[in-house]
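Notes to accompany the following structure.
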Amino acid sequence: MEKRVVIITGGAQGIGKVTAARLAAGGWQVVIIDKDVDAGVEVAAAVEGLRFFHGDVSRLESVQEAIHEGVSQFGRIDGLVNNAGLGISKPITELSLEEWNRVIGTNLTGAFLFSKYCAPHLKDRQGAIVNIASTRAYMSEPNTEAYSASKGGLLAFTHALAMSLAPEVRVNSISPGWIDVTAHQKSSEREEKTWSREDHEQHPAGRIGLPEDIAEMVAYLLSEKAGFITGQDFVIDGGMTRRMIYV
Numbered sequence: 000m001e002k003r004v005v006i007i008t009g010g011a012q013g014i015g016k017v018t019a020a021r022l023a024a025g026g027w028q029v030v031i032i033d034k035d036v037d038a039g040v041e042v043a044a045a046v047e048g049l050r051f052f053h054g055d056v057s058r059l060e061s062v063q064e065a066i067h068e069g070v071s072q073f074g075r076i077d078g079l080v081n082n083a084g085l086g087i088s089k090p091i092t093e094l095s096l097e098e099w100n101r102v103i104g105t106n107l108t109g110a111f112l113f114s115k116y117c118a119p120h121l122k123d124r125q126g127a128i129v130n131i132a133s134t135r136a137y138m139s140e141p142n143t144e145a146y147s148a149s150k151g152g153l154l155a156f157t158h159a160l161a162m163s164l165a166p167e168v169r170v171n172s173i174s175p176g177w178i179d180v181t182a183h184q185k186s187s188e189r190e191e192k193t194w195s196r197e198d199h200e201q202h203p204a205g206r207i208g209l210p211e212d213i214a215e216m217v218a219y220l221l222s223e224k225a226g227f228i229t230g231q232d233f234v235i236d237g238g239m240t241r242r243m244i245y246v
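So, in structure tokens, the structure goes:
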């Protein structure tokens, strides 16, 4: 039986890397695009059958080349995970227009471009899109305007796209909370991180999240089991956004 094919943007580290491994283990043919060559080569060596494409999701040429390569090699696209993300934390008075555009370009325009050019292939396969947003779309810290705006935009993009591509393609998003990705960075940047009891206990679930928590939901939303789910956002944050905290 032919494997289903999924493209994951930003798939070389963190949530994207763990999701790539999870889907590959579940029988998917995985294609990732990432700007980081070293990280991409590492994950391609670690995950059997994975194909790594070096590129920038905010550049039209990179997007078209990655999709062309995936279709040329495997003949189909069944799933798309728009995971690539960039955050710049600066006071708005110091945030440059170039920095604003870089965050929006990676987090929102990249999702638009991949969705646009994957859509015809996904329609042919009755496929699905999963956008990785953030709880920053719902709650904020100071100096995160660009990141929060990009993730809020991604939520709106998700439900609009779900209506436009229905019924052939389902589109959903996931909003992760605090996820510990330190063990899943490239080897040169990997570090042991010890979180305090308070860090864990501020989450009603009793712990900080793991990339595996997100990867499992991605796998579900891409599967036929989620066939009646579209246009939705799934907050995976250990209950953090529901907790009222007074300092």
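Counting along the sequence shown from 1, when you hit position 185 you're at 184 in numbering that gives the first Met the number 0, and nothing is skipped either side.
A virtual CB, placed ideally from N, CA and C, is assigned to each residue, including glycine.
In the three-state reduction of the DSSP assignment, Ser139 falls in the coil class. The criterion of a C-beta distance shorter than 8 Å is satisfied by Arg21 and Glu215. Gly205 counts as exposed, since fewer than 16 other C-beta atoms from the protein chains shown sit within 10 angstroms of its C-beta. Annotated three-state conformation of Leu221 is helix, per DSSP. Distance from Asn106 to Lys150 at the Cβ level is roughly 7 Å; contact confirmed, criterion being Cβ atoms closer than 8 Å.
When beta bridges are read from the DSSP output, Arg169 appears opposite Ala127.
The beta carbons of Ile235 and Asp212 sit closer together than 8 Å. Comparing alpha-carbon positions, the option among Ile66, Gly152, Gly109 lying closest to Val56 turns out to be Gly109. For the 8 Å CB-CB criterion, Ile228 and Arg169 form a contact.
Beta-bridge analysis with DSSP links Phe51 to Ile31.
With contacts defined as CB atoms closer than 8 Å, Pro175 and Ile14 qualify as a contacting pair.
Note on Ala83: 16 or more other CB atoms within 10 angstroms of its CB, so buried under the neighbour-count rule. If you ignore the 5 residues before and after Gly86, its C-beta comes within less than 6 Å of the C-beta of Tyr146, all in its own chain and listed in chain order.
Asn82 sits in coil when the DSSP states are folded into three classes, being neither helix nor strand. Taking C-beta separations shorter than 6 Å and ignoring five residues to either side along the sequence, the partners of Lys34 in its chain run Asp55, following chain order. In the three-state reduction of the DSSP assignment, Thr134 falls in the helix class. Secondary-structure assignment with DSSP links Ser147 through no beta bridge to anything.
For Val17 against Phe52, the beta-carbon gap comes to about 19 Å, at or over 8 Å, which does not count as contact. Going by beta carbons, Arg3 and Asp123 fall outside the 8 Å limit.
According to the DSSP assignment, Val5 belongs to the beta strand (DSSP E) that extends over 4-8. Taken atom to atom, the span from the alpha-carbon of Ala65 to that of Ser71 is near 10 Å. Bounds of any alpha helix (DSSP H) do not take in Phe227, whose DSSP letter is neither H nor E.
Judged by their CB atoms, Gly25 and Ala225 are not nearer to each other than the 8 Å cut-off.
Residue environment analysis places Leu96 among the exposed positions, since fewer than 16 neighbouring C-beta atoms fall within 10 angstroms of its C-beta.
Annotation for Thr240: no alpha helix (DSSP H) segment contains it, and DSSP assigns it neither H nor E. With 16 or more other CB atoms across the displayed protein chains lying within 10 angstroms of its CB, Gln12 is buried.
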